[in-house]
Every structure is written in C-alpha cells, then in structure tokens.
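Heads up, the thing below is written out as structure tokens.
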Amino acid sequence: MATAVATGPLDAHLEPAQRELLARCERLARERFAPLAAAHEAAGEGSRLDRELVGALAAEGLFERLYRRGEDRSWSAVVGAMDLCLIREGLARASTAAETAFGLQGLGSYPILQSGTAAVIERWVPRLASGEAVAAFALSEPDAGSDVARLSLRAERDGTGYRLSGEKVWISNAPEADLYAVFARTTAGAGARGLTGFAVARESPGLSGEPLEMISPHPIGRLVFDHVHVPAEAVLGEVDRGMSVAMRTLDLFRPSVGAFAIGMAEAALALAVAHAGEREAFGGRLKDLQAVSHRLADVATRVQAARLLVHDAARSFDLGLRPIGQVAAMAKLMATEVAQEAVDAAVQVLGARALERGHPLEHLYRDVRAPRIYEGASEVQREIISRALFAEGGRR
Ligand SMILES: Cc1cc2nc3c(=O)[nH]c(=O)nc-3n(C[C@H](O)[C@H](O)[C@H](O)COP(=O)(O)OP(=O)(O)OC[C@H]3O[C@@H](n4cnc5c(N)ncnc54)[C@H](O)[C@@H]3O)c2cc1C
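To convert, count from 1 in the sequence shown and add 71; that's the numbering used here.
This is the structure in structure tokens:
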C-alpha cells in the first residue's frame, strides 16, 4: 500500500534528508515491523510490551535519534522535534504498534535525559538506546488525569532518599517497563508547585502493577507504589519543580502525537483512495461519485493542513522558539481531530468490509481514538491555546 500523500509538492517544505527519513521509516514499518507486531497481536499479546519489536526498532538505529552521545561521550537531551515527528508519521503509515513502541520509549526517557542526574543517565540511557531497557512516563492517577495539580502519589523524605506511596494508572508500557519517570507529590497542598519527578526502576521493592486492556492493542497498566525507596540521585531536576519537567516533555511530544495521528490518517486515506478507484458501482467506480471523491478531497486537504501545522510546531521547537505550548497544543489538537475524521471517512468509503475484525481500517478506527485523550485531551489543548490567546490580547 503506497500512501496517497507521500512525495512531491506536499513535501516541499522538507529537506531531502527529512523526506528520506520519512520514507525509510514507512518502508521499515511495512517490511520489518508490521509482521512482528501482527504476530505479537495474533498470539493474544497485543496489550503486553513487545520486546522483539523494541529490539527491532533499536537494531534499525531509530532510538539513536532519541539519544545522542556527543564527542565527549556524554549523552545529550537534544532530541530533534522534526525528526521525532517524521519518524512517528512514517512508522504510523504502516505500523501503529511500531509507532507506539517508538513514541513511548521517547516519552518515557525524555524526562530522564532532560533532567536526570549523571549517575541515572549513565546507568540507563545506554540500555534504553540499545532497546535492552524500556521506559515509561508515569503521570496519571485515578483521581488526577487532566488536572495534574491533584496528583496525590506521595514522596516522603527517608534518610537521603525518598519513599513513594500511591497509585498510577493508564501508564503505557506498564507494568513491564524497566524504568519509570514518576511524578509524585513532595509538598502537600502546593498544587502543581509541589510535584517532583523521580526515575524509578521496575525492580524496586514495593513496586507492583497489572496490565490493562484498552480498545486497541497498546501495552498499558496500573502501578502500585508501596513505600518504594528511591535514592536522592533518582530525583529528576529540582524538588517541587516536577511539573515543569513533565510539561517540557509534553511540549516536545504533543506535536509528535499529532504526527502519529497524521500517519494514521494518511494510511486511511490511501486505503480509501485505492478502494474508491477500484470498486464498481452504478455503472462506474466509487470515485466517479462526487459525494465520495469530494469527501476524500476534503480529507486530503485537511490532513495536509494539519500535517503542516505539526511540522511547523516541530520546526519552532527545533529553532528554540519559546513558549512553544500554544503551537504544540494547536498541532496536537488539529492533527488528532482531523485524523479521527479521516479514518471515519475512510471507513464510510469502504463500507462493511472496513468493519470486519482484522481489516486494517477496523484496526485504525480503534487506534485513532486514544490520542484525542492522552497527553492532554482536546479540551485541554483548547484551554492552553485560549489562555495564550487571551494573555496576548489576541495579538500574534
Ligand atoms: C491509550 C492511553 C495511553 C495513556 N498513556 C499514558 C501514559 O503513558 N502516562 C500517563 O501518565 N498517562 C497516560 N494516559 C492517561 C491520559 O494521559 C489521561 O487519560 C488524560 O490525561 C485524561 O485524564 P482522564 O482520563 O483522567 O480524564 P479526565 O481528566 O477525567 O477528563 C475527562 C474529560 O473531561 C474533559 N475535560 C478535562 N479537562 C478539561 C478542561 N480543562 N476543560 C474542558 N474539558 C475538560 C475532557 O473531555 C476529558 O476527556 C493514557 C491514556 C490512554 C487512553
């Protein structure tokens, strides 16, 4: 299956190396990763971490795009937002499982790279880069999703370190991830200002968890912290400043969730275009019905517009333009909403066959839903955008 919007003027804003990265990721996803993911899912393991897939992503050098070792051998937290988006888009065109494995490794490890102590970085990053270890980002709790200031997992001083007690839920890659970036309350009653990030190893005594099943295959679970001890060197950044560690991570990753959504939308559009071009009906093909062809024209236009917004947000991030929150929110909001519309339109064009269990569109229909909720629901993105808008008095 070739995507409908892969090359040509629609990619005019990309450098040749960026186009090549996008095309390479799509090719790898189709030829190497999708068969691995399909086997994992067929074995009933879709909700569990796929270590073979993670190993394959690492072997193709994709994690090296997330973690860079400088000439002085130290690891760098400089992840290119544009590269991140292009990799996620390319992978999502042919394997949402590979995309998810890649994106989650980035999300879980970015707070470590960005704010971890040298000891934690040296211990973990080489293993994350090789795919030997898997990371997770643990923010959400049963009583604190969008309203992060309500987080209640406690971190209490214990000698030179801390003891963590409480619960996290809907944590991707849990409970099997090897390393968690955990956000916990260090100061009671201080809202978002009393949170601290910690790097917590899965083997820590007192840490347990269980997998959860979602609408589409996605490794995810619940974590319980029963007085889990972590040393002082596990603190990510400054004590009580964990919110800014989490938000800086989301500033980078939100546009890339948009890229994931765009990749899915492109895959859906390609399926719809191929089907409409072949399916005979009413003395011609489906594509000859203007109601069908114009709907797909609208989808293609909206997907490209959202894609350009995603790429623009990524470029702004890479140029160091700050604050980035508003444009990152716009990119995620528009891309995830447009992708939902695109997949729904494609299902409509294919008719019943798209809803048969195991059809690629049936899979995409389930996959495309969650990004409108995680890393900030669409309503939360609108809140970020409108707050910035009114703070600036509508000026741009
Ligand atoms: C597949 C999947 C993977 C996930 N992975 C992770 C992960 O790796 N790490 C992690 O920490 N969390 C993860 N999550 C959890 C996710 O981040 C939360 O679900 C999300 O933040 C929303 O929280 P909530 O579900 O508790 O909904 P709530 O916060 O209860 O919100 C429910 C709804 O209320 C509305 N709403 C909320 N706030 C506002 C507002 N300010 N204005 C207007 N309307 C509003 C929105 O419609 C929202 O969907 C994942 C979730 C899913 C589905």
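Ideal Cβ placement from N, Cα and C applies to all residues, glycine included. Keep in mind that this is a model prediction, so the values were computed, not measured.
The stretch 181 to 194 and the stretch 116 to 124 do not touch, with fewer than 3 CB-CB distances between them shorter than 8 angstroms.
Around the CB of residue 114, fewer than 16 other CB atoms lie within 10 Å, so the residue is classed as exposed.
When DSSP states are grouped into helix, strand and coil, residue 353 belongs to the coil group. Counting along the chain, residue 236 sits inside no alpha helix (DSSP H); it lies in the beta strand (DSSP E) bounded by residues 232 to 243.
Taking C-beta separations shorter than 6 angstroms and ignoring five residues to either side along the sequence, the partners of residue 92 in its chain run 157, following chain order. DSSP, reduced to helix, strand and coil, places residue 393 outside both helices and strands of the structure shown, so it counts as coil. The Cβ-Cβ distance between residue 283 and residue 118 falls below 9 angstroms. Assignment of residue 213 by DSSP, reduced to helix, strand and coil, places it in the coil class.
Taking 9 angstroms as the cut-off, the beta carbon of residue 238 is found no closer than this to the beta carbon of residue 274.
Check the Cα spacing between residue 419 and each of 306, 377, 343: the tightest is with 343. Of the residues assessed, residue 87 falls on the exposed side of the cut-off, its CB having fewer than 16 other CB atoms within 10 angstroms. Proximity to residue 154 across 401, 411, 464, 386 peaks at 386, based on C-alpha coordinates.
In the pairwise beta carbon analysis, the stretch 233 to 252 is classified as touching the stretch 170 to 184: at least three pairs are separated by under 8 angstroms. Per DSSP, reduced to three states, the secondary structure at residue 291 is strand. Between the stretch 302 to 312 and the stretch 239 to 249, the count of Cβ pairs shorter than 8 angstroms is below three; the stretches do not touch. Between ligand 1 and residue 153, a heavy atom-to-CB distance of less than 8 angstroms is absent. Per the C-alpha coordinates, the member of 120, 143, 384, 150 positioned closest to residue 330 is 384.
In the displayed model, residue 387 falls within a helix according to three-state DSSP. When C-beta atoms of the stretch 338 to 355 are compared with those of the stretch 219 to 230, fewer than three pairs fall below 8 angstroms, so the two segments do not count as touching. Around the beta-carbon of residue 365, fewer than 16 other beta-carbon atoms lie within 10 Å, marking it exposed. Contact between the stretch 102 to 112 and the stretch 127 to 134 is present: 3 or more CB-CB pairs across the two stretches fall below 8 angstroms.
Taking the C-beta atoms as reference points, residue 208 is found nearer than 9 angstroms to residue 320.
In the DSSP assignment, residue 458 falls within the unbroken alpha helix (DSSP H) covering 449 to 462. The beta carbon of residue 398 lies closer than 6 angstroms to those of 384, 387 in the same chain, with the five residues before and after it left out. Taking the Cβ of residue 445 as the reference point, at least one heavy atom of ligand 1 falls within a distance shorter than 8 angstroms. For the set 294, 441, 415, 318, the Cα lying nearest the Cα of residue 433 is the one of 415. Not one heavy atom of ligand 1 falls within 8 angstroms of the beta-carbon of residue 125. For residue 374, the CB contacts under 8 angstroms within the same chain, skipping 5 residues up- and downstream, are 76, 333, 336, 337, 340, 409, 410, 413 in chain order.
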